[in-house]
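Read top to bottom, the protein sequences are chains A and B.
Our numbering puts the first residue of the first sequence at 18, with every later residue one more than the last.
Our numbering puts the first residue of the second sequence at 18, with every later residue one more than the last.
For each residue, glycine too, the CB sits at the ideal point set by N, CA and C.
Quantities reported herein were computed from a predicted structural model and do not represent experimental measurements.
Protein chains: 2
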Amino acid sequence: MLVAVSLGPGDESLLPPAARAALERAEVVVGYKGYMELVSSSLLEGKEVFSTGMMGEVERVNRAVDFAQEGRDTAVVCSGDAGIYAMAGLILETLEARGLLDKVGFEVVPGVPAFNAAAALLGAPLMHDFASVSLSDLLTPWETIEKRLRLASEADFVLAVYNPRSKRRSDHLRRALDIVARVRSPETPVGLVKRAYRPDQEIFVTTLGDFDSELVDMQSILIIGNSTTRMAGERMLTPRGYHTKYTVG
Amino acid sequence: MLVAVSLGPGDESLLPPAARAALERAEVVVGYKGYMELVSSSLLEGKEVFSTGMMGEVERVNRAVDFAQEGRDTAVVCSGDAGIYAMAGLILETLEARGLLDKVGFEVVPGVPAFNAAAALLGAPLMHDFASVSLSDLLTPWETIEKRLRLASEADFVLAVYNPRSKRRSDHLRRALDIVARVRSPETPVGLVKRAYRPDQEIFVTTLGDFDSELVDMQSILIIGNSTTRMAGERMLTPRGYHTKYTVG
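This is the structure:
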């Protein structure tokens, strides 16, 4: 059995019992080194652990499939939700390419996605329709990313931005924000959360006009408001529209 | 203290410890009747419970704020994630309208959103950029919803569709699917999950061309693939693109 386990933002208080149970059951735990640190050592005790660094996804998943094929209960851990920009898809692709779809059991345990953790800390920015865009052009042409940002902005989606900082290209985020700024006011609230629910968590709220890209690192999630998003005190709020139909308060 | 608590899809195995702790701490639990049934009775024992039916959101939130203002620890429960089409925003709006933003503590406990639960059961449909659109035109003009569907389709986002069935208008979903079908192949996989992770859960996978709107009810989540989404065995898969850079399998 092969299970893609969602670790959530990292704190065990946001690890659902189903994910914990999958880790407890596993004989082998496979994952990116950085995520392995999010798993408490008591959950790893007595298990075989296979972890590698960034860009090692294909190797890790192949090894995980090897383990599962040998009949060992294997968990592939992912931060956030295993189904969002994570390993669930590559596992399916690998099982398919190796002709094992019917031979190795596979399950995804959903979790708390990174952008929901960020949203909760920022207030209520996602209350209405939203789109999620990754700025990583490692596996996606940058033109596609720009097109998505442009159309999502025109559609007035609240935007969740994953991988806002690239090691290789430092101007991606600036270009992304410029695209959004073509149709949204400079006053649009923008929230930035680094390492949500981890000990060194940081939360910033600013505006599209004042946003400082230098604050952003690889572990940041950005949430850009839509045309109705505003501040309620120190929190981001995208009203759902109750005030147009009801008296609120 | 007022806490918006995410119940996740409903099964306790997907209720993180932070949400459970918030419910245990609460003196008053407020929520929609239908969601109250997702909370195990042991967690409600000895607490005041205030629940009303659909459309009672404004009244419920006002009562929750009353309770919190009296100094009672109050939890407002939401299914899925409290920050997605749920109560976190209305609570903020209400605190603001009543001048209580600085006087009543407010926190959101994030959870497993409905569309992630659905995605996990369908395979790996959300592995790339996605957009979430609610078809409810109760608080949003239908023209806005159509525009979002059109632009999100053009942007090739995987689509998560909330509230796919309206009591008042039965043709919304058909019109929504027609908009998507203008730019996506009839072979595009579409997943439908009803009552994810509940005892009477149902999972359907079909195509945009063959989709039967009659299957859909108020508790359904729809996931419509993008141009790259395909079936891997019986599961939906939106490849992230590793195969273009690496040899998978």
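| query | result |
| --- | --- |
| Since A:K211 is in the beta strand (DSSP E), which residue starts that stretch and which ends it? | 206-211 |
| Give the straight-line distance between the Cα atoms of B:D90 and B:A249, rounded to the nearest whole angstrom. | 48 Å |
| For a test of the three-state rule: what should DSSP assign to B:E231, helix, strand or coil? | helix |
| Anything in chain B within Cβ reach of A:E29, meaning under 8 Å, just list it in chain order. | P34 |
| Once DSSP output is grouped into helix, strand and coil, what is the label at A:R247? | strand |
| Examine chain A for any beta-carbon lying closer than 8 Å to the beta-carbon of B:G106, and answer yes or no. | yes |
| So with CB distances below 8 Å, who are the chain A contacts of B:Y259? | E74, V75, L107, E110, L156 |
| Does the structure place the stretch 144-152 of chain A close enough to the stretch 143-152 of chain B that three or more beta carbon pairs sit under 8 Å? | yes |
| Assuming B:N133 and A:D188 make a contact with CB atoms under 8 Å, what is their CB distance in whole Å? | At roughly 32 Å, the Cβ-Cβ gap does not stay under 8 Å, so B:N133 and A:D188 are not in contact. |
| Below 8 Å, can you find three or more Cβ-Cβ pairs linking the stretch 206-215 of chain B to the stretch 196-214 of chain A? | no |
| As a quick exercise: from B:R191, B:P216, B:K64, pick the residue whose alpha carbon is nearest that of B:R42. | B:K64 |
| For B:N133 and chain A, any beta-carbon pair shorter than 8 Å? | yes |
| Between A:S151 and chain B, is any beta-carbon pair separated by less than 8 Å? | yes |
| Flag this pair as yes or no: are the beta carbons of B:G100 and B:V82 separated by less than 8 Å? | no |
| Contact between the stretch 157-173 of chain A and the stretch 212-223 of chain A is defined here as three or more beta-carbon pairs at a separation below 8 Å; is this criterion met? | no |
| Are the stretch 111-127 of chain A and the stretch 220-233 of chain A touching, with three or more C-beta to C-beta distances below 8 Å? | no |
| Determine the burial state of A:T264: buried for a count of at least 16 other Cβ atoms within 10 Å of its Cβ, exposed for fewer. | exposed |
| Could you tell me which residues DSSP puts in a beta bridge with A:G25? | A:G97 |
| Would you kindly work out how many angstroms separate the C-alpha atoms of A:E76 and A:A135, rounded to a whole number? | 30 Å |
| Measuring CB atoms only, is the stretch 231-249 of chain A touching the stretch 29-44 of chain B, in the sense that at least three cross pairs come out at less than 8 Å? | no |
| B:S153 by DSSP, collapsed to three states: which one? | coil |
| Would A:M18 pass as an interface residue toward chain B - the criterion being a Cβ-Cβ separation below 8 Å? | no |
| For the alpha helix (DSSP H) that contains B:Y52, what are its first and last residues? | 50-53 |
| What residues in its chain sit with their C-beta under 6 Å from that of A:M53, if we drop five residues either side in the sequence? | S68 |
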